[in-house]
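Notes to accompany the following structure.
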Ligand SMILES: NC(=O)c1ccc[n+]([C@@H]2O[C@H](COP(=O)([O-])OP(=O)(O)OC[C@H]3O[C@@H](n4cnc5c(N)ncnc54)[C@H](OP(=O)(O)O)[C@@H]3O)[C@@H](O)[C@H]2O)c1
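Residue numbers (our numbering): 484 to 748.
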């Protein structure tokens, strides 16, 4: 089969939405899709600290159903359609301390942000994708969805496991209707928040940031690559997956973890 690819402008004319696109991996994904020529809309509760006038920002708390509906209505009324949906928003703000420290509210807020926000957005945007027999949906999960870690928060890991399972089921349903659905499961990512967190660990332990990083990697069972991922590396994978170069990929969970997960699947 002969196929021509334009790597620099391959998303030209596409409308993309990246949730949680103001910081960390989401911001890098938004910038990557923009570079590939897409029109990119980002959402978060707070406006981005660093401006990029080419990213269209919609303020919303997607853990609330009414805000999800606001985003769906605003995108469809302004742009007429959505081609690429990257459900990147993820949140783990529940307290440490194991099962006993976690209230119903902790469980509900984590499930709202990590599972129900993508479910609602998918439900809102899928009809017009199915009608056009075209579209790509990405769910950003985590290796914790399949590798619960000691001392990790239970609702976060459980919500990502549910997201991975839901993503596969949705793919089974809508791939025959022309929409690809994929999951990306990162291991540790070196975001601004991660850097601040490492600095705090180092200060508290009176150690260097390098020693703090090694301590976190040890707790993960080691990262064969020797460091966390950069947000741009996760963004590069997503940029590929939403592109026409990945046309046959659907229903798969792509792990990007520098080799962290110690098993073969
Ligand atoms: N960082 C890691 O090591 C790591 C590892 C594995 C998987 N992941 C996954 O990768 C994705 C990105 O993580 P990250 O670490 O890059 O995120 P991050 O730096 O913490 O950024 C989170 C983004 O989501 C927004 N957000 C948070 N709660 C929200 C809500 N209720 N409604 C709307 N927006 C909300 C934030 O902005 P506001 O606060 O202004 O709303 C921000 O834009 C997540 O799904 C995460 O679970 C991360």
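Heads up, the beta-carbon is just placed ideally off N, CA and C, and yes, glycines get one too.
Just so you know, these numbers come straight off a predicted model, no measurement behind them.
Contact check, residue 503 vs residue 555, beta carbons under 9 Å:
Here residue 503 refers to the residue found at position 20 when the chain shown is read from its first residue. Here residue 555 refers to the residue found at position 72 when the chain shown is read from its first residue. No. Outside cutoff.
Which residue from 514, 511, 640, 599 puts its Cα closest to that of residue 552?
For the purposes of this step, residue 552 is taken as residue 69 along the chain shown, with counting starting at 1. The option with the nearest alpha carbon to residue 552 is 599.
What are the start and end residues of each continuous alpha helix (DSSP H) run of 4 or more residues lying completely inside the stretch 616 to 676, in chain order?
637 to 657
Going by beta-carbon coordinates alone, are residue 569 and residue 516 separated by less than 9 Å?
Taking the chain shown and counting its residues from 1, the one referred to as residue 569 is at position 86. Taking the chain shown and counting its residues from 1, the one referred to as residue 516 is at position 33. Against a cut-off of 9 Å, the Cβ pair of residue 516 and residue 569 comes out as a contact.
Kindly list the residues whose CB is nearer than 6 Å to the CB of residue 671, restricted to its own chain and excluding five residues on each side of it in sequence; keep chain order.
Here residue 671 is taken as the residue at index 188 of the chain shown, counted from 1. The answer, listed in chain order, is 711.
May I ask whether a heavy atom of ligand 1 can be found less than 8 Å away from the beta carbon of residue 635?
Here the question's residue 635 lines up with position 152 in the chain shown. Every heavy atom of ligand 1 is 8 Å or more from the Cβ of residue 635, so no.
Are the beta-carbon atoms of residue 717 and residue 508 separated by less than 9 Å?
As a working mapping, residue 717 is identified with position 234 in the chain shown. As a working mapping, residue 508 is identified with position 25 in the chain shown. In this structure, residue 508 lies closer than 9 Å to residue 717 by Cβ.
Do the stretch 614 to 622 and the stretch 687 to 702 meet, that is, are 3 or more Cβ pairs less than 8 Å apart?
no
Buried/exposed call for residue 573, threshold 16 Cβ in 10 Å:
Here residue 573 corresponds to residue number 90 of the chain shown, with the count starting at 1. With 16 or more other Cβ atoms within 10 Å, it is buried.
Do you know offhand how far residue 580's Cα is from residue 496's?
Here residue 580 refers to the residue found at position 97 when the chain shown is read from its first residue. Here residue 496 refers to the residue found at position 13 when the chain shown is read from its first residue. Their Cα atoms are separated by approximately 48 Å.
Assuming residue 733 and residue 638 are in contact, meaning their beta carbons sit under 8 Å apart, how far apart are those beta carbons, in whole angstroms?
Taking the first residue of the chain shown as position 1, residue 733 is located at position 250. Taking the first residue of the chain shown as position 1, residue 638 is located at position 155. Not really, about 28 Å apart at Cβ, beyond 8 Å.
Which ranges would you report for the beta strand (DSSP E) in the stretch 493 to 552 if only whole runs of at least 3 residues count?
498 to 502, 522 to 527, 538 to 542
Report whether the distance from the Cβ of residue 627 to the nearest heavy atom of ligand 1 is below 8 Å.
Mapped onto the chain shown, residue 627 falls at position 144. Residue 627 Cβ: within cutoff of ligand 1.
Residues in its own chain within less than 8 Å of residue 723 by CB, not counting five upstream and five downstream?
The residue labelled residue 723 in the question sits at position 240 within the chain shown. Closer than 8 Å at Cβ, skipping near neighbours: 729.
For residue 599, verify whether its CB is less than 8 Å away from any heavy atom of ligand 1.
The count along the chain shown starts at 1 and reaches residue 599 at position 116. Not so, every heavy atom of ligand 1 lies at least 8 Å from the Cβ.
Who are the Cβ neighbours of residue 636 in its own chain at under 6 Å, not counting the five residues just before and after it?
By one-based count along the chain shown, residue 636 stands at place 153. Taken in chain order, the residues that qualify are 575, 577.
Could you give the DSSP three-state label for residue 609: helix, strand or coil?
Here residue 609 refers to the residue found at position 126 of the chain shown. Here residue 609 sits in helix by DSSP.
For residue 738, the residue or residues it bridges with in DSSP
Residue 738 sits at position 255 when you count from the first residue of the chain shown. Answer by DSSP bridge pairing, in chain order: 668.
Specify the secondary structure class of residue 571 as computed by DSSP and reduced to three states.
Within the chain shown, residue 571 is the residue found at index 88, counting from 1. Reduced to three states, the DSSP call for residue 571 is coil.
Buried/exposed call for residue 542, threshold 16 Cβ in 10 Å
Indexing the chain shown from 1 puts residue 542 at position 59. Answer is exposed; the Cβ neighbour count stays below 16.
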